[in-house]
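All remarks here apply to the structure that follows.
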Amino acid sequence: MLTFAKGILWVTTGGSMESINPEAAMVTGLMRTLRTENAGIRIESAAVISKIFEIAFASELESANIDLEYTERNIQILIPRVLPDPEANKASVQNSDFPAVEDQLFYQEDRPLLLEVGTAGLMDTKRFVGDLEHDQPLPDDFVEVAPKTFSLNFRDVMIAMGHLNETVMGHECAGVITRVGKNITHLKVGDHVAAMMRVRYANYIRLLGIAVSKVPNNIPWEEETSMPMVFCTAYFSLYDTARLQKGETVLIHAAAGGIGQAAIKLAQLVGADVYVTDHIFSNRNVSLATGIIAATNGKGRDVALNSLSGQLFHVTWKCMAMFGRMIEIGKRDVEINTRLEMSGFLLADRTEMPVITFNVPAMKELSSKLLAQP
């Protein structure tokens, strides 16, 4: 009835406003859910109201201009709306343990700001505060950059939600150099640069000069900041670590993401046989191992770039080839110290298969070398 009727007027007694029958309010939640899921349905709730039905379903009225909940109090028809109260919100913040937040310009002359994470997992506790270390002298091997764009990748989201035991958000940016240290010779003030970093989001950041690479001025800022992490991760994983060779097979999980797309391009560049969406395998299906083994004539994969966790991590492990290399770029199983089933080594030709974990902070020490690759 609720999903197929042209219109419904549901009359309750004491289910809204000054409720005398709280159980009658359950239907209000049901109707709000239905209206959210089906924008074309009109379900009105009312308490001892009759004229509302005729008005609400008048064909000449646009649905956007119709209120869908009504109540009656002291022989008056009222609309139970929720409206913001800025003064009450402000007073609530002032009485809390967190300082009040004000909207201001991100770039302000002589006012360096950085992102402060209050409580991991609570998004409203993140705010920009004054950077007290900015007034310190710039080290000789560092440069100062005014970022134009930051990337927000999956790792940052995991940190923000409290799923990783870290508080520093911000791993890559693109911007303009504002100062250089005495020992910096390959960069100058005004250069457009991209960098991998391990500092907080800020309007002025300090980075080791060797971790910063100059980029052409005609590349949009968004593109400049989106490339360092994903391509360096893919390059370091497939080329430097897995030593992927022409003709080998590689399975790339989460291929629609940034690292997945970069890994596909680099794997194709070297001439590897890539197993992702091209071969239609689902990384959410535990039958993945069976499909991979069958597609490779029982051999399995030479290289796996794994970002899955839980049961699917073990599924990936079970279908490696002889002398295969499994590169683990996920963090979830590492953080919770997940065990790897050692029985996999009892399978034929498994005694020479390494599992290599990927350390993003350590890779950043090599970022200048990686970013300089043609």
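For the sequence shown, UniProt numbering begins at 1 and goes up steadily by one. We put the beta carbon where it would ideally sit given N, CA and C, even for glycine.
| Check | Outcome |
| --- | --- |
| Looking only at C-alpha atoms, which of Asp191, Glu133, Lys188 and Glu144 sits nearest to Glu206? | According to the sequence as given, residue 206 is Arg; it is not Glu. The shortest C-alpha separation from Arg206 is found at Glu144. |
| Pair every Cβ in the region 251-270 with every Cβ in the region 212-223, then say whether three or more of these pairs are closer than 8 Å. | no |
| Distance, Cα to Cα, Arg325 vs Ala25? | 59 Å |
| Can you name the residues that DSSP bridges to Asp273? | Thr249 |
| Hey, does Lys90 have any beta-carbon neighbour from chain B nearer than 8 Å? | Protein chain content of the structure displayed is limited to a single chain, and chain B is not contained in it. |
| Do three or more CB pairs link the region 155-166 to the region 133-140 at distances below 8 Å? | no |
| Would you mind listing the beta strand (DSSP E) stretches within the region 206-252 that are 3+ residues and don't spill past its ends, in chain order? | 212-214 and 249-252 |
| Check for me: the alpha helix (DSSP H) holding Met158 runs from which residue to which? | Phe154 to Ala160 |
| In angstroms with no decimal places, state the Cα-to-Cα distance between Ile8 and Lys90. | 40 Å |
| Please report how far the alpha carbon of Met1 lies from the alpha carbon of Val82, in whole angstroms. | 28 Å |
| With distances taken Cα to Cα, identify the nearest neighbour of Glu172 among Asn165, Ala202 and Thr185. | Ala202 |
| Is it buried or exposed, Ala255, if we count other Cβ atoms within 10 angstroms and call 16 or more buried? | buried |
| Starting from Thr178, trace the beta strand (DSSP E) in both directions and tell me its first and last residue. | Glu172 to Val180 |
| Which whole-angstrom value is the C-beta distance of Pro80 and Thr71, which I expect to be below 8 Å? | 6 Å |
| What does the alpha-carbon distance come out to for the pair Ala304 and Phe150? | 29 Å |
| If you draw a straight line from the alpha carbon of Met197 to that of Glu166, how long is it in whole angstroms? | 15 Å |
| Under the assumption that Leu113 contacts Met169 (Cβ atoms under 8 Å), give the Cβ distance between them as a whole number of angstroms. | With 8 Å as the limit, Leu113 and Met169 do not qualify as a contact, their Cβ atoms being about 14 Å apart. |
| On the three-state DSSP scale, how would you describe Asn324? | For clarity, residue 324 is Gly in the given sequence; the question names Asn instead. In this structure, Gly324 counts as strand in the three-state DSSP scheme. |
| How would you call Tyr275, buried or exposed, if buried means at least 16 neighbouring beta carbons within 10 angstroms? | buried |
| At the level of alpha carbons, what is the spacing between Glu222 and Gly257? | 16 Å |
| Can you name the residues that DSSP bridges to residue 375? | The question about residue 375 has no answer here: the residues shown for the chain are numbered 1 through 374. |
| Per DSSP, Ala195 forms a beta bridge with which residues? | Cys173 and Val212 |
| Please state whether DSSP places Leu30 in a helix, a strand or coil. | helix |
| Does the Cβ of Thr185 have 16 or more other Cβ atoms within 10 Å, making it buried, or fewer, making it exposed? | exposed |
| Using a Cβ-Cβ cutoff of less than 8 Å, which residues in the same chain neighbour Ser237 once the five nearest sequence positions on both sides are dropped? | Ala263, Leu305, Ile327, Ile329 and Phe358 |
| With a Cβ-Cβ cutoff of 8 Å, do Val230 and Ile259 count as a contact? | yes |
| Report the partner residues of Pro147 according to the DSSP bridge assignment. | Gly175 |
| Quick test of your reading: Val193 and Gly175, contact by CB under 8 Å. State the CB separation rounded to the nearest angstrom. | 7 Å |
| State the Cα-Cα distance for the pair Ser226 and Leu308, rounded to the nearest angstrom. | 22 Å |
| Alpha carbon to alpha carbon, how far is Asn297 from His163? | 39 Å |
| Given this structure, state the Cα-to-Cα distance separating Ala321 from Thr233, to the nearest angstrom. | 23 Å |
| If you check the beta carbons only, do Thr249 and Asp302 fall under 8 Å apart? | yes |
| Rounded to a whole number of angstroms, what is the C-alpha to C-alpha distance between Gln261 and Tyr235? | 12 Å |
| Roughly how many whole angstroms lie between the Cα atoms of Trp10 and Tyr107? | 53 Å |
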